[in-house]
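Per this note's numbering: the sequence shown ends with 937, consecutive numbering throughout.
Below is one structure, written out as structure tokens; the observations come after it.
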Amino acid sequence: MGPRYLINFNLKEIETSVSDLLVIGSGIAGLTAVLKACPIYEVTLLTKSKLKEATTWYAQGGVATAISEEDSPHLHFEDTMAAGAGLNDPKAVEILVHDGIRTINELILKGVDFDKAVEGGVRLAREGGHSISRILHSGDTTGSEIQSNLVKWVKECPRVNICEDAFVVDLLTKDNRCIGALVYDIEGKLKAYLARAVIIATGGVGQIYLHTTNPSICTGDGIAMAYRAGAEVMDMEFIQFHPTALDGQENPRFLITEALRGEGAYLRDCKGERFMVGVHPKEELAPRDIVVREMIKAMKRCKSQHVYLDATHISADELKEGFANIWQRCLESGFDLSKNLIPVSPVAHYIMGGIKTDVDGKTNIAGLYASGETACSGVHGANRLASNSLLEGLVFSERIVNSLTENLEKIDRKNLEGAFLSYSVERKKLQVDVEKEKNRLRLTMSENVGVVRSKEGLEKALKIIDSMKEILGAKPTSMSFLELENMIIIAELVTRTALMREESRGVHFREDFPLTDNLHWKKHIVLKIF
Numbered sequence: 408m409g410p411r412y413l414i415n416f417n418l419k420e421i422e423t424s425v426s427d428l429l430v431i432g433s434g435i436a437g438l439t440a441v442l443k444a445c446p447i448y449e450v451t452l453l454t455k456s457k458l459k460e461a462t463t464w465y466a467q468g469g470v471a472t473a474i475s476e477e478d479s480p481h482l483h484f485e486d487t488m489a490a491g492a493g494l495n496d497p498k499a500v501e502i503l504v505h506d507g508i509r510t511i512n513e514l515i516l517k518g519v520d521f522d523k524a525v526e527g528g529v530r531l532a533r534e535g536g537h538s539i540s541r542i543l544h545s546g547d548t549t550g551s552e553i554q555s556n557l558v559k560w561v562k563e564c565p566r567v568n569i570c571e572d573a574f575v576v577d578l579l580t581k582d583n584r585c586i587g588a589l590v591y592d593i594e595g596k597l598k599a600y601l602a603r604a605v606i607i608a609t610g611g612v613g614q615i616y617l618h619t620t621n622p623s624i625c626t627g628d629g630i631a632m633a634y635r636a637g638a639e640v641m642d643m644e645f646i647q648f649h650p651t652a653l654d655g656q657e658n659p660r661f662l663i664t665e666a667l668r669g670e671g672a673y674l675r676d677c678k679g680e681r682f683m684v685g686v687h688p689k690e691e692l693a694p695r696d697i698v699v700r701e702m703i704k705a706m707k708r709c710k711s712q713h714v715y716l717d718a719t720h721i722s723a724d725e726l727k728e729g730f731a732n733i734w735q736r737c738l739e740s741g742f743d744l745s746k747n748l749i750p751v752s753p754v755a756h757y758i759m760g761g762i763k764t765d766v767d768g769k770t771n772i773a774g775l776y777a778s779g780e781t782a783c784s785g786v787h788g789a790n791r792l793a794s795n796s797l798l799e800g801l802v803f804s805e806r807i808v809n810s811l812t813e814n815l816e817k818i819d820r821k822n823l824e825g826a827f828l829s830y831s832v833e834r835k836k837l838q839v840d841v842e843k844e845k846n847r848l849r850l851t852m853s854e855n856v857g858v859v860r861s862k863e864g865l866e867k868a869l870k871i872i873d874s875m876k877e878i879l880g881a882k883p884t885s886m887s888f889l890e891l892e893n894m895i896i897i898a899e900l901v902t903r904t905a906l907m908r909e910e911s912r913g914v915h916f917r918e919d920f921p922l923t924d925n926l927h928w929k930k931h932i933v934l935k936i937f
């Protein structure tokens, strides 16, 4: 997989700072960790772009929580387990559905503005895979409502050093303990941020595909750097494709929230027929993997790149009020949501896999934790239940902070201040058209490691990825070059595990192994550099 570190360095020759806790990533998982830790510890927060530039900001869908009288943690548990297709960790799911109620109530008390019901209380919507309405929304901009409040609260923390436009290159490890990270600042200056504990919360990997809902920063950096450092990664083959993104050429694609189908919108093929009827009892609200596969079938029948979302039977006033952002974006694209069928297609959305953790966010490397989409505790299994992702970031980041004390006692800040570490290998110079290579990788992944997979396609993808590996040992010429290196590593992990899993389960569908094989494959694939 290339050298241990992407760049050569010597800690004695670069600027170094020390804190108790280093948090990498400013989405819901990272910001929650900072908020819970800042009253106790001195915290450094690193983010690749701006504080608000995270996948959380773009989350239109809401957050699932069993807070109604008709609902219960047990029902939420059962729906999550059913979506996960037999690979969920029951303990992690129990924690999610029980602790989630308290964390959401805390957000409400602190002022997060969720939609209100006419009769009072919070308005609850329904999304795919849920047996009951339990999704809290802030219109169709739930993520930005939560993110903006978290950012505001973090800025009020007295013991937090916020570093925006900080590109984290690699985790620093010594004696199988993570002691910090190597970082390029906005001016391109290399620095070392040392800490008694490190939390990775860098989001997903969607940018390894041609079309994704993920922002441009989601190139899998956190998972790749942890893997290079010796962390175990798990379930990398499970990539969730969201059914309804506005069809077009832009990347990221504009997501049309599942809540619109929860309000009654239909999916139709080129003949105008509702192709989900008769396929699953929940029809358009079936789990995402089922909906996406039926969409692919309909697109093939119609020889089309999209199907249609039909909300024309819902009143214009209701659409404008409940889905203002989507209404406006569709108008800008030439569609009236109340009058026109909207062309939609599946796009890469979320990775269930990531850095393997326990339910307290601990990895196999001392001092290293992971939370949110970057982590894999087993809470989502082979297919994430809609609107469980924001809840995951809230719940498990809090658990990490609550478990920190025991780990931090094992390392003193004085030891960090005198830490010495260096790395140097010979690196060849390569003339690389970085954007061309990124797009080559994306095309390879989209054509061969997408919704429908086969041995032939996966082997073809691996061959192309292998041909790109000389880039991993080269001298990087830009931060985009470093991103490309991370994307190559992530692409290989996803493809190799997809080839290994000779069955279909959750979002992983092998046309050459179309059945679920519980006898041989009801288990996780864990990879690690030895």
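Just so you know, even glycine gets a beta-carbon here, dropped at the ideal spot from N, CA and C.
Measuring C-alpha to C-alpha distances from S874 to each of R847, T884, S885 identifies R847 as the nearest. Distance check between D919 and each of G913, Y616, E909 places E909 closest, using alpha-carbon atoms only. If you compare the alpha carbons of I607, L557, T664 with that of A793, the shortest gap goes to T664. Counted as a single uninterrupted DSSP element, the beta strand (DSSP E) harbouring C570 occupies residues 567-570. For T620, no alpha helix (DSSP H) run applies, since DSSP gives it neither H nor E. Within the segment 652-708, the complete beta strand (DSSP E) segments at least 3 residues long are 673-675, listed from N- to C-terminus. Where C737 is concerned, the enclosing alpha helix (DSSP H) starts and stops at 731-739.
Residue T770 holds the alpha-carbon nearest to the alpha-carbon of N814 among S778, T770, I878, E842. In this structure, the straight-line span from the alpha carbon of V766 to that of L837 is close to 42 Å. Nearest to Y465 by alpha-carbon distance, out of D506, I586, I502, G610, is G610. In the DSSP assignment, no residue is bridged to N855.
Of all alpha-carbon atoms in K821, L452, G536, the one lying nearest the alpha-carbon of P688 is that of G536. Residue state for S475 is assigned as coil, using DSSP reduced to three classes.
Around L744, the same chain offers A718, L726, W734, C737 as residues with beta carbons nearer than 6 Å, after the five sequence neighbours per side are excluded. Closest option to L823, judged by alpha-carbon separation, among V441, K581, F916, P446: K581. Residue state for V558 is assigned as helix, using DSSP reduced to three classes. Proximity of the segment 884-898 to the segment 650-659 falls short of the contact definition, fewer than three beta-carbon pairs being nearer than 8 Å. Rounded to whole angstroms, A461 and E863 show a C-alpha spacing of 35 Å.
The shortest C-alpha to C-alpha distance from A755 to any of A826, G613, E680 is the one to G613.
Here P446 is exposed, its C-beta having fewer than 16 other C-beta atoms within 10 Å. When the five nearest sequence neighbours on each side are left out, the beta carbons in the same chain lying within less than 8 Å of the beta carbon of V519 are those of S545, E552, I553, N556, in order along the chain.
Boundaries of the beta strand (DSSP E) around T451: 450-453.
Here I542 is buried: its Cβ has 16 or more other Cβ atoms, across all protein chains shown, within 10 Å. Residue pairing for C445: DSSP places it in no beta bridge. Straight-line spacing of the CA atoms in A636 and Y673 works out to 46 Å. Going by beta carbons, A631 and K455 fall outside the 8 Å limit.
Looking at the DSSP output, T580 bridges to C585.
C-alpha of F937 to C-alpha of E799: approximately 30 Å in a straight line. With 16 or more neighbouring CB atoms inside 10 Å of its own CB, T487 falls in the buried class. By the C-beta criterion, the segment 778-794 is judged not to be in contact with the segment 413-428, since fewer than 3 inter-stretch pairs fall below 8 Å. Residues L442 of the same chain have their beta carbon placed closer than 7 Å to that of W560, with the five preceding and five following residues left out of the count. Comparing alpha-carbon positions, the option among F416, I586, L413 lying closest to K821 turns out to be I586. Partner residues in the beta bridge of Q647, as assigned by DSSP, are Y757. C-alpha of V576 to C-alpha of E476: approximately 48 Å in a straight line. Bridge pairing for F916: V859 [DSSP]. A Cβ-Cβ distance of about 5 Å is found for the pair L775 and V605, placing them in contact under the 8 Å criterion.
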